[in-house]
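Under the working numbering, the residues of the sequence shown are numbered -4 to 460, in order.
Backbone N, C-alpha and C fix where the C-beta goes; we use that ideal spot for every residue, glycine too.
Report on the structure given below.
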Amino acid sequence: MASLGSTLSSTIYRLNLSHTRHTIRMFRALSRNIRPQKRSSHRRLFISPFSSANSISSTSNCSTNLVFNDNLVVLGIETSCDDTAAAVVRGDGEILSQVVSSQADLLARYGGVAPKMAEEAHAQVIDQVVQDALDKANLTEADLSAVAVTIGPGLSLCLRVGVQKARKIAATYQLPIVGVHHMEAHAIVARLCDRDLQFPFMALLISGGHNLLVLARDLGQYLQLGTTIDDAIGEAYDKSAKWLGLDLRRSGGPAIEELARKGDAQSIKFTVPMKQHKDCNFSYAGLKTQVKLAIESKNIDAGIPFSSASIEDQRLRADIAASFQRVAVLHLEERCERAIQWALEIEPSIKHLVVSGGVASNQYVRARLHEVVARNSLQLVCPPPSLCTDNGVMIAWTGIENFRLGRFDPPPPAVEPDGCQLDLRPRWPLGEEYGRGKSIARSMRTARIHPSLTALTQASEYQSL
Ligand code: KG4
Ligand code: ZN
């Protein structure tokens, strides 16, 4: 049985350990939900995601190998970028509710995410989004086992809104709290969708801000095979859509995907990025520029919305969209092909490639990557589109997986001390870089980056030896 009496606080946020109510509550939560399968002989130390980089929280002495009943019920909160999302998920994977409030109108108006406005938009809807998630699940906060919340990476101002809400609920209802890595959640939600998906597996995570190829060795343990040296593919979709005068109310990606179906993908010969670099890194800044130049050379006026453009102009725009998408995805295909070879050399037992993140909801992306995976005798795992774009389910589920391993913090105190600094991780790498995948261009931009989730997980395991 897990003993929680020795749970330590983070250095950022000192908890009163004589305050035993939360300890008892957590003990109850664990004893309701956890049955150790194999008793670990050593104490398991864990650097909580809520702790500062150098502080170590020792949680329970539970083994990493645990069997659970399905009684866990976790609320997940996500506010790292432009969607305010919450969901309630059970330990058996049943999604009890899922609510997303999108800032698409703001995006359409300003053509991108403005942090201050995004923060205000989150603050306006967060209470309602969480309440709706609870109502739809037919539950109250008192029925929850824990609260999971994204603490990074993302925009600090936006992360803060979700973290403050999560801490308020956790403090009021004396619930444990799990700090979640947004990109880990994009990958781990695939394990909710496909119960056969075991570690190790590969993941391609493609969103508005990230382009990651990782080898997922275990929960919290990722080897980064490749990342972008400049922009992510989602950013390239969004900017191309904006410059083509498309309706951005559903974000740029779906608008380009739809228009590309009507265009000739071979009509414009964009160059595939980074051909000469035999690694697994990505670059989309140059392709963005190529699209801009193509638009200018065809005299397309993005000021004229697509719906008001002439038939000929619409055809030209469709050709650019289709040609852009072909090359943008070809870049993914080439890097995945190489990453699969690398990953199989490191872990020959790999059987799956997970593709997740907003861009993974694109049908063309899925179809092309399916070919790559099939050629290499692997299986493709793509969560449904609603779980690829930002959502609360992925946060709740990753919270559940971490909670099961004892990776959580005790409830915050009811009154936060003055000047209490929240642990937010705007720039938080997921994994350690694989030697062959290191990019000189990117390593020059490493200032103010938080230690990776994997470094923290490994440090905690080292401490437990
Ligand atoms: O994961 P996500 O929802 O948020 C971030 O973490 O960034 O990804 C958002 C990105 C946006 O760039 C959006 O345009 C793109 O995913 N996206 C798509 C599609 N749906 C969303 N890109 C291409 N095709 C789509 N169908
Ligand atoms: Zn995301």
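Is residue i helix, strand or coil when you go by DSSP?
i, result
"tyrosine 105", "helix"
"isoleucine 444", "coil"
"glutamate 230", "helix"
"valine 158", "helix"
"arginine 420", "coil"
"histidine 117", "helix"
"serine 35", "Confidence in serine 35 is poor, its pLDDT being 31 and thus under 50, which makes the residue's placement too unreliable to answer from."
"isoleucine 72", "strand"
"valine 376", "strand"
"leucine 267", "Per the sequence presented here, residue 267 reads as valine, with leucine not at that position. Of the three classes helix, strand and coil, the one that applies to valine 267 here is coil, per DSSP."
"glutamine 193", "coil"
"phenylalanine 277", "strand"
"serine 55", "With a pLDDT of 31 at serine 55, under the threshold of 50, the modelled position of this residue cannot be trusted, and the question is left open."
"aspartate 404", "strand"
"valine 95", "strand"
"glutamate 411", "coil"
"serine 26", "Per-residue confidence for serine 26 stands at a pLDDT of 36, beneath the threshold of 50, marking its modelled position as unreliable; the derived number appears in the next sentence. Correct three-state label for serine 26: helix."
Which two residues bound the contiguous alpha helix (DSSP H) that contains residue i?
i, result
"asparagine 397", "387 to 399"
"serine 465", "Any question about residue 465 goes unanswered here, given that the chain covers just -4 to 460."
"isoleucine 315", "306 to 341"
"valine 367", "358 to 370"
"alanine 143", "Taken as a continuous stretch (DSSP letters only), alanine 143 belongs to no alpha helix (DSSP H), being part of the beta strand (DSSP E) at 141 to 147."
"glutamate 291", "280 to 292"
Just mark residue i as buried or exposed, buried being the case when its beta carbon has 16 or more other beta carbons within 10 Å.
i, result
"glycine 352", "buried"
"glutamate 366", "exposed"
"alanine 165", "buried"
"aspartate 122", "exposed"
"cysteine 415", "exposed"
"asparagine 49", "Legend: pLDDT at asparagine 49 = 28, less than 50; position of this residue unreliable, value from coordinates given subsequently. Looking at its Cβ environment, which holds fewer than 16 other Cβ atoms inside 10 Å, asparagine 49 is exposed."
"isoleucine 19", "Summary for isoleucine 19: the model assigns pLDDT 35, below 50, so the residue's position carries little reliability, and this model does not support an answer."
"aspartate 314", "buried"
"arginine 162", "buried"
"arginine 186", "buried"
"alanine 466", "Shown here, the chain extends from -4 to 460; a query on residue 466 therefore has no answer."
"isoleucine 444", "exposed"
"alanine 362", "exposed"
"glutamine 119", "exposed"
"proline 148", "buried"
"valine 209", "buried"
"glutamate 89", "exposed"
Starting from residue i, follow the beta strand (DSSP E) in both directions and report where the run begins and ends.
i, result
"threonine 79", "78 to 85"
"histidine 176", "172 to 176"
"glutamate 89", "Here glutamate 89 belongs to no beta strand (DSSP E), and DSSP marks it neither H nor E."
"leucine 239", "Looking at the DSSP string, leucine 239 is not in any beta strand (DSSP E), and its letter there is neither H nor E."
"serine 351", "347 to 351"
"leucine 207", "206 to 213"
"alanine 198", "196 to 201"
"tyrosine 168", "It is not in any beta strand (DSSP E) - tyrosine 168 carries neither H nor E in the DSSP assignment."
"glycine 258", "Counting along the chain, glycine 258 falls outside any beta strand (DSSP E), and DSSP gives it neither H nor E."
"glycine 221", "216 to 221"
Following a CB-centred definition, is residue i positioned closer than 7 Å to any heavy atom of the ligand ADP?
i, result
"cysteine 76", "Ligands in the displayed structure: the ligand KG4 and the ligand ZN; the ligand ADP is not one of them."
| query | Do three or more CB pairs link the segment 387 to 395 to the segment 167 to 176 at distances below 8 Å? | reply | When Cβ pairs closer than 8 Å are counted between the two stretches, the segment 387 to 395 is seen to touch the segment 167 to 176, the count reaching three or more.
| task | Closer than 5 Å is what we want: which residues have a beta carbon that near any heavy atom of the ligand ZN? List them in chain order. | result | Answer in sequence order: Ser202, Asp385.
| request: Count the CB pairs spanning the segment 208 to 215 and the segment 180 to 197 that are closer than 8 Å, and state whether there are at least three. | output: Yes, the segment 208 to 215 is in contact with the segment 180 to 197.
| query | Would you call the segment 286 to 295 and the segment 232 to 245 touching, i.e. three or more CB-CB distances under 8 Å? | reply | Flag = yes, the segment 286 to 295 and the segment 232 to 245 touch.
| the segment 76 to 92 touching the segment 101 to 116, judged by at least three CB pairs closer than 8 Å | In the pairwise beta carbon analysis, the segment 76 to 92 is classified as touching the segment 101 to 116: at least three pairs are separated by under 8 Å.
| request: Could you say if the segment 250 to 267 and the segment 314 to 329 meet the contact criterion of at least three C-beta pairs nearer than 8 Å? | output: Three or more beta-carbon pairs drawn from the segment 250 to 267 and the segment 314 to 329 are found closer than 8 Å, and the two stretches are therefore classed as touching.
| Sufficient close CB pairs (3 or more, under 8 Å) joining the segment 339 to 355 to the segment 198 to 209 | Touching, yes, given that three or more Cβ pairs across the two stretches are closer than 8 Å.
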